[in-house]
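Take a look at the structure set out below.
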Amino acid sequence: MTVTFKRGVHLNYSNKKATRALSVRDFVSEEVRLITSMHIGAPSTPCVKKGDHVLMGQVIAEPVGFLGIPVHASVSGEVTNVGMIPYIGEANVQCITIANDFKDEWVELKPLGDVETVDPALIVPAIKNAGICGMGGASFPTHVKLSPKPEQKCNVVLVNGAECETHLTCDHRLMLESGEKIIGGLRAVMRALNVDKGVICIEDNKPDAIESMQILAARSQGISVQVLKTKYPQGGEKQLIEVVTKKQVPAGKLPIDVGAVVVNVGTCAAIYDAIVYGKPVVSRITTVTGCVKEPANLRVRIGTVVEDMIGACGGFSEEPGKIAFGGGMTGLCIPNTDIPMAKSTNGIVVYNDKDARSIDEGPCIRCGKCVAACPIGLNPYLIKRAADADKLDVAKSLYVNDCILCGCCSYECPSRRWLTASFKIVKQKLAAQAKAKGGNAK
Ligand code: SF4
Ligand code: SF4
Numbered sequence: 020m021t022v023t024f025k026r027g028v029h030l031n032y033s034n035k036k037a038t039r040a041l042s043v044r045d046f047v048s049e050e051v052r053l054i055t056s057m058h059i060g061a062p063s064t065p066c067v068k069k070g071d072h073v074l075m076g077q078v079i080a081e082p083v084g085f086l087g088i089p090v091h092a093s094v095s096g097e098v099t100n101v102g103m104i105p106y107i108g109e110a111n112v113q114c115i116t117i118a119n120d121f122k123d124e125w126v127e128l129k130p131l132g133d134v135e136t137v138d139p140a141l142i143v144p145a146i147k148n149a150g151i152c153g154m155g156g157a158s159f160p161t162h163v164k165l166s167p168k169p170e171q172k173c174n175v176v177l178v179n180g181a182e183c184e185t186h187l188t189c190d191h192r193l194m195l196e197s198g199e200k201i202i203g204g205l206r207a208v209m210r211a212l213n214v215d216k217g218v219i220c221i222e223d224n225k226p227d228a229i230e231s232m233q234i235l236a237a238r239s240q241g242i243s244v245q246v247l248k249t250k251y252p253q254g255g256e257k258q259l260i261e262v263v264t265k266k267q268v269p270a271g272k273l274p275i276d277v278g279a280v281v282v283n284v285g286t287c288a289a290i291y292d293a294i295v296y297g298k299p300v301v302s303r304i305t306t307v308t309g310c311v312k313e314p315a316n317l318r319v320r321i322g323t324v325v326e327d328m329i330g331a332c333g334g335f336s337e338e339p340g341k342i343a344f345g346g347g348m349t350g351l352c353i354p355n356t357d358i359p360m361a362k363s364t365n366g367i368v369v370y371n372d373k374d375a376r377s378i379d380e381g382p383c384i385r386c387g388k389c390v391a392a393c394p395i396g397l398n399p400y401l402i403k404r405a406a407d408a409d410k411l412d413v414a415k416s417l418y419v420n421d422c423i424l425c426g427c428c429s430y431e432c433p434s435r436r437w438l439t440a441s442f443k444i445v446k447q448k449l450a451a452q453a454k455a456k457g458g459n460a461k
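Residue numbers in the sequence shown follow the working numbering, run continuously in steps of one, and reach 461 at the last position.
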């Protein structure tokens, strides 16, 4: 049976056609630039210097703090620079540049063996050591997600294969081409959390992936496939949990508070590689599409520069207006093509000048379409009024911190009000306020 959540929006997914039938293609560049802040949490600390020779999979930046994960060399070769580079949001971030010697000489790997027989206590530490964070775009460190407090019990692991964003097809291709890794990674997570139920969630616009994963799931104990209606943001954690478990994650709470853990399909595949082969995250599949001559799903080394990836896709097909990491609803504009992709970069979308043009916002006509679209059940036009007046306390009382920045309200607004963009700024201000007070934004 196909299921879905309340509200949300129906998007035009025709832009997926350019890449969804194309097999994943490998591309390896002459240089990689690995930033030390690819995950949510404190940046890792570089432990190599200019001139060092590094092996593929070698730790080049050590984790810092509770959320910390290491960064690994994604090629073998020589470190040519350790320094700051401008990145998304005008922030400067630390970056380690490696010139590829194209020998792919690996550091000594320490596989743990079969996912069904490995000691469950070793799984989460191995995930941390492999530098795994949410590959679906969230970049939250996976070992933290898989370390519930003693009073928190996980009953079900949901695997997010919804890929509800526009343009992106990398998860779709991964399910078709590496489904056994997804199943294996899920089994490892289930064993680490001592859970006997795993559900792979896929939207009904990917019938081939559904069929393929159903065949694999039938061979694996405790795993099933849940078909979801195609609707945005079906892949949101709270929406997936509501649909599959019939439980709502309360405001300010986490999925584990209702007994669920959600991991992306790409994260599952990375977990499989970490356990079975001892391999850290050194590559991923990224959809490169929009105004490029040969749209593709490229398997690239982490730290590949955008310009090289666009070159691998034949270059621009027309003058670009803007380029974003991620799909059309939640993608982040990048400042230039000289920056590298990261572990969570699931897509690079090039828009032409017409599609990139921003539209002036009009007045609110109180039509209520934003309210009808919000999957969280918020009141976007009231939050926007508070945001425009810089009344942070009012916005907070309207639960702006529960906004998942999905963009549904902005998408539906006939006056093109900059709702989601305003809410992002308000959330950032509230987080800064809470940090200054030494507390939590919630
Ligand atoms: S961006 Fe926030 S307020 Fe707007 S629809 Fe999404 S969750 Fe609701
Ligand atoms: S959709 Fe736009 S115009 Fe309509 S109520 Fe919401 S903010 Fe106002």
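Every residue gets a Cβ at the ideal spot worked out from N, C-alpha and C, and that includes glycine.
Host alpha helix (DSSP H) of residue i (start-end)
{"i": "tyrosine 370", "result": "From DSSP, tyrosine 370 is part of no alpha helix (DSSP H) but of the beta strand (DSSP E) over 366-371."}
{"i": "threonine 439", "result": "438-455"}
{"i": "isoleucine 142", "result": "142-148"}
{"i": "isoleucine 260", "result": "256-264"}
{"i": "arginine 492", "result": "Since the first and last residues shown for the chain are 20 and 461, residue 492 lies out of range."}
{"i": "serine 429", "result": "427-431"}
{"i": "arginine 192", "result": "189-196"}
{"i": "cysteine 389", "result": "388-392"}
Contact under 8 Å by Cβ, residue i with residue j
{"i": "isoleucine 221", "j": "alanine 228", "result": "yes"}
{"i": "glutamate 326", "j": "threonine 356", "result": "yes"}
{"i": "valine 134", "j": "isoleucine 294", "result": "yes"}
{"i": "threonine 286", "j": "glycine 96", "result": "no"}
{"i": "asparagine 365", "j": "threonine 306", "result": "yes"}
{"i": "lysine 298", "j": "glycine 76", "result": "yes"}
{"i": "tyrosine 9", "j": "isoleucine 358", "result": "Nothing about residue 9 can be reported from this structure: the residues present for the chain run from 20 to 461 only."}
{"i": "valine 311", "j": "isoleucine 329", "result": "yes"}
{"i": "threonine 439", "j": "leucine 424", "result": "yes"}
{"i": "glycine 155", "j": "valine 90", "result": "no"}
{"i": "threonine 104", "j": "valine 98", "result": "One detail in the question is off: residue 104 reads as isoleucine in this sequence, not threonine. No, the pair does not count as a contact, with Cβ atoms beyond the cut-off."}
{"i": "leucine 131", "j": "alanine 110", "result": "no"}
{"i": "threonine 161", "j": "valine 282", "result": "yes"}
{"i": "isoleucine 59", "j": "serine 158", "result": "yes"}
{"i": "alanine 279", "j": "cysteine 173", "result": "yes"}
Start-to-end residues for the beta strand (DSSP E) that takes in residue i
{"i": "glutamine 245", "result": "242-247"}
{"i": "proline 399", "result": "Here proline 399 belongs to no beta strand (DSSP E); instead the alpha helix (DSSP H) covers 399-407."}
{"i": "proline 105", "result": "96-105"}
Backbone secondary structure at residue i - three-state DSSP
{"i": "alanine 118", "result": "strand"}
{"i": "valine 208", "result": "helix"}
{"i": "valine 218", "result": "strand"}
{"i": "methionine 348", "result": "coil"}
{"i": "arginine 303", "result": "strand"}
{"i": "valine 311", "result": "strand"}
{"i": "threonine 356", "result": "coil"}
{"i": "alanine 230", "result": "In the sequence on display, residue 230 carries glutamate and not alanine. Glutamate 230: helix per DSSP, three-state reduction."}
{"i": "leucine 177", "result": "strand"}
{"i": "alanine 343", "result": "strand"}
{"i": "methionine 20", "result": "coil"}
{"i": "isoleucine 79", "result": "strand"}
{"i": "valine 134", "result": "coil"}
{"i": "tyrosine 251", "result": "strand"}
{"i": "histidine 29", "result": "coil"}
{"i": "asparagine 224", "result": "coil"}
{"i": "asparagine 420", "result": "helix"}
In DSSP terms, what residue i is bridged to
{"i": "phenylalanine 46", "result": "Val319"}
{"i": "arginine 52", "result": "Thr116"}
{"i": "cysteine 152", "result": "Pro160"}
{"i": "asparagine 283", "result": "Asn179"}
{"i": "valine 90", "result": "Ala80"}
{"i": "phenylalanine 335", "result": "Val311"}
{"i": "proline 65", "result": "Ala80"}
{"i": "histidine 469", "result": "Missing from the structure shown is residue 469; the chain here goes from 20 to 461 and no further."}
{"i": "valine 324", "result": "Pro359"}
{"i": "asparagine 111", "result": "Pro105"}
Taking three-plus beta-carbon pairs below 8 Å as touching, is the region 204-217 in contact with the region 363-382? Touching, no, given that fewer than three Cβ pairs across the two stretches are closer than 8 Å.
I'd like to know if the region 387-396 and the region 431-444 are in contact, where contact means that at least 3 CB-CB pairs between them fall below 8 Å. The region 387-396 is in contact with the region 431-444.
If we count Cβ pairs, one from each stretch, closer than 8 Å, do we get three or more for the region 340-348 versus the region 173-190? Enough Cβ pairs lie closer than 8 Å, so yes.
Determine contact between the region 314-334 and the region 28-46, defined as no fewer than three beta-carbon pairs at a distance below 8 Å. As far as the Cβ criterion goes, the region 314-334 touches the region 28-46, which means the pair count is three or higher.
At a cut of 8 Å, does the region 45-60 reach the region 108-117 through at least three beta carbon pairs? Touching, per the Cβ criterion.
Is it a yes or a no for the region 240-256 touching the region 21-29, going by three-plus beta-carbon pairs under 8 Å? Contact between the region 240-256 and the region 21-29 is established, with three or more Cβ pairs separated by less than 8 Å.
With a cut-off of 8 Å, do at least 3 Cβ pairs link the region 235-243 to the region 264-279? No, the region 235-243 is not in contact with the region 264-279.
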